[in-house]
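Visitor:
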Amino acid sequence: MIDRQALRRDFEAMQAALARRGEAVVGDGSAWARLRELDDRQRQLKNESEALQAERNRVSKLIGMKKGKGEDASEELHAMGEVSSRVKELDALTREAEALFAAALLEVPNPLHETVPDGASEDDNVEIRRWGAPRTDEVPAHWDIGTDLGILDFDAGAMLAGSRFTVMKGAAARLERALMQFMLDLHADKHGYEEVWVPAMANRKTMTGTGQLPKFAEDLYKIEGEELFLIPTAEVPVTNLYQDKILDVAELPKRHCAYTPCFRSEAGSAGRDVRGIIRQHQFDKVELVHITHPDRALSDLEELTAHAEAVLQALELPYRVVALCAADVGFSSQKTYDIEVWLPSQRCYREISSCSSFGQFQGRRAGIRFREEGGKPQPAATLNGSGLAIGRCLVAVLENGWQSDGSVVIPAVLRPYMGGMERIVAK
RNA sequence: GGAAGGGUGGCAGAGCGGUUGAAUGCACCGGUCUUGAAAACCGGCGAUGGGUAAUUCCAUCCGUGGGUUCAAAUCCCACCCCUUCCGCCA
1 MIDRQALRRD FEAMQAALAR RGEAVVGDGS AWARLRELDD RQRQLKNESE
51 ALQAERNRVS KLIGMKKGKG EDASEELHAM GEVSSRVKEL DALTREAEAL
101 FAAALLEVPN PLHETVPDGA SEDDNVEIRR WGAPRTDEVP AHWDIGTDLG
151 ILDFDAGAML AGSRFTVMKG AAARLERALM QFMLDLHADK HGYEEVWVPA
201 MANRKTMTGT GQLPKFAEDL YKIEGEELFL IPTAEVPVTN LYQDKILDVA
251 ELPKRHCAYT PCFRSEAGSA GRDVRGIIRQ HQFDKVELVH ITHPDRALSD
301 LEELTAHAEA VLQALELPYR VVALCAADVG FSSQKTYDIE VWLPSQRCYR
351 EISSCSSFGQ FQGRRAGIRF REEGGKPQPA ATLNGSGLAI GRCLVAVLEN
401 GWQSDGSVVI PAVLRPYMGG MERIVAK
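Position 294 of the first sequence, counting from 1, maps to 294 under full-length UniProt numbering, and the rest follow consecutively.
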């Protein structure tokens, strides 16, 4: 969430940075449009309430002293009875105003970093760099490759759970596990991340800390009858590991990698990527998370993105990196790079990782803070990125490794994780 | 699921309803002493919001939310979490 002092101090600049996301973000009826008035009202009520409370505290102390000396305090008692009931009324109003302000505050997205390119849609995203030489011959879609090899079973997924669920068998199941292990080993051993294993469900506070709630409830699966949600990404539990903590500046940066399953309702994406395993309700992902000094947020983003890219380079999969434009950057993010892998069957690059810096937005929201020597606690910066989405990676391996005889060559770095298997062939 | 106990500052751990934001110890920071270090001694050491030019002042915070009272860490109610025992179970 945005800084409350900055709301008053830098109103114009903040509004301009928000408006780049689209006029609706700051337009009539937006949370932002109501925010300043709600802030004023809350503070005004609070000031009144505090003045009365100070009076009450002062006289109550006096009553205590008088009683201690055995003196009569009935006059003060009577007067404070009235003050007390007024405090109660004012307090209720103050709390109401505070709740309205807080609710609006949680709906305001992160003001964009100045280096985010302008744009009106994802078509305006800016390509930063490319790696590898894409193959341009005719390659079947991964669902055909997988079905022909007998390793992807879409009917079984539909039978067990419904659409957007898949069963992987044999080499595909093994490949899913191999990718997971390879990625975790790479980040833990070569990139210096501490591996963590976390719950795949999270409560409301945790979901709010990273920004999934309150605004995006329809994207989440909620456990019936409980205040628990299935996580849409490991970002949620891993970042929130530090919620309401004050870290010493010497402990920064914290860098974690984690494997988790991810669950997304995909509300609003009906009809998109309905075939294959590009868009599933449940998928596996290895995530990278940084908790860092705000001064390092942007340089860490470059590092984190490079760590995610290293996975694709090791797998020898061609990709490109794009900077998301103003219209496409997510709610909590101040700047995002997407990594897109080459899918020969579609003859285009498709998202396989999204790396974002959140600045202090999540730190403020989740109470993740750090203290510099002799200084006050301040919100830490957070970042995260997929390193990588495993299902989509498997798609890329199948398509990029496909041979005209129908088999698939397994990237060399994965073979140790595949029991030495060098290629997948039909049984 | 049943029973019992417990949630207080970075940690440990006190706290008859009234000058307690909270004893004490540890940790941490500064100083004295020392060639240096340790020990000892002295001093300091929570967060959030708000007011002021400023030393500073005001309010809130003892798991969470309500309630009683002039006044709540302290009394009452509900909920959450943790520990132990029993039951069930991968």
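Here a beta-carbon is modelled for each residue, glycine too, at the ideal position from N, C-alpha and C.
Just so you know, these numbers come straight off a predicted model, no measurement behind them.
1. For Pro253, verify whether its CB is less than 7 Å away from any heavy atom of the ligand GTP.
2. Could you check whether His281 and Pro253 sit closer than 8 Å to each other, using their CB atoms as the reference points?
3. Find out if the Cβ-Cβ distance for the pair Leu38, Phe101 is shorter than 8 Å.
4. Pull up the distance between the alpha-carbon of Val329 and that of Gln360, whole angstroms please.
5. Threshold first: 3 residues or longer. Then list the beta strand (DSSP E) segments lying entirely within the region 321-409, N to C.
6. List the endpoints of the continuous beta strand (DSSP E) containing Lys281.
7. Please go through the same chain and pick out, in chain order, the residues whose beta-carbon is closer than 6 Å to the beta-carbon of Ala104, but skip the five residues on each side of it.
8. Is Lys205 near Phe331, with beta carbons less than 8 Å apart?
9. Pop quiz: Glu399 and Ile151 are said to be a contact at Cβ under 8 Å. What is the actual Cβ separation, rounded to whole angstroms?
10. Tell me the DSSP bridge mates of Met201?
11. Which residue or residues does DSSP assign as beta-bridge partners of His290?
12. Does the region 131-149 come within contact of the region 344-364, defined as at least 3 CB pairs closer than 8 Å?
13. Measure the CB-CB distance between residue 428 and Val108 and report whether it falls below 8 Å.
14. At 4 residues or longer, and completely inside the region 131-210: list those alpha helix (DSSP H) runs for me, N to C.
15. My output table needs one value for Tyr221: the three-state DSSP class, helix, strand or coil.
16. On a CA-only basis, which of Cys257, Thr292, Glu218, Leu301 is nearest Ser265? Give me that one, please.
17. So is Glu235 buried or exposed if we call it buried at 16+ other beta carbons inside 10 Å?
18. Going by other Cβ atoms of all chains shown within 10 Å of its Cβ, with 16 needed for buried, is Ile223 buried or exposed?
19. Tell me whether the beta-carbon of Gly387 lies closer than 8 Å to the beta-carbon of Cys257.
20. DSSP three-state label for Ser423, please.
Guide: To lay it out plainly:
1. For the structure depicted, the ligand GTP is absent and the ligand set is empty, with no information on it obtainable.
2. Judged by their CB atoms, Pro253 and His281 are not nearer to each other than the 8 Å cut-off.
3. For Leu38 and Phe101, yes; Cβs fall inside 8 Å.
4. C-alpha of Val329 to C-alpha of Gln360: approximately 16 Å in a straight line.
5. Complete beta strand (DSSP E) runs here, min 3: 335-343, 348-357, 368-371, 377-379, 381-389.
6. Reading off the sequence, residue 281 comes out as His, not Lys. Where His281 is concerned, there is no enclosing beta strand (DSSP E), given that its DSSP letter is neither H nor E.
7. Taking Ala104 as the centre and dropping the five residues before and after it, the same chain places the C-beta of Ala31, Arg34, Leu35, Leu38 closer than 6 Å to its C-beta, in chain order.
8. In this structure, Lys205 keeps its C-beta atom at 8 Å or more from the C-beta atom of Phe331.
9. About 14 Å separates the Cβ atoms of Glu399 and Ile151, ruling out a contact at the 8 Å cut-off.
10. Looking at the DSSP assignment, Met201 forms a beta bridge with Leu230.
11. For His290, which the question treats as bridged, DSSP gives the partners Arg255, Leu383.
12. Inter-segment contact for the region 131-149 and the region 344-364 is present: three or more beta-carbon pairs are separated by less than 8 Å.
13. The shown model of the chain, from 1 to 427, leaves out residue 428, and the question about it has no answer.
14. Taking only runs of at least 4 residues, the alpha helix (DSSP H) segments lying wholly in the region 131-210 are 142-149, 154-160, 171-185, 204-209.
15. Under the three-state reduction of DSSP output, Tyr221 falls in the coil class, being neither helix nor strand.
16. Selected option, being the one with the closest Cα: Glu218.
17. The C-beta of Glu235 has 16 or more other C-beta atoms within 10 Å across all chains shown, which makes the residue buried.
18. So Ile223 ends up on the exposed side.
19. In this structure, Cys257 lies closer than 8 Å to Gly387 by Cβ.
20. According to the sequence displayed, residue 423 carries Arg and not Ser. Three-state result, Arg423: strand.
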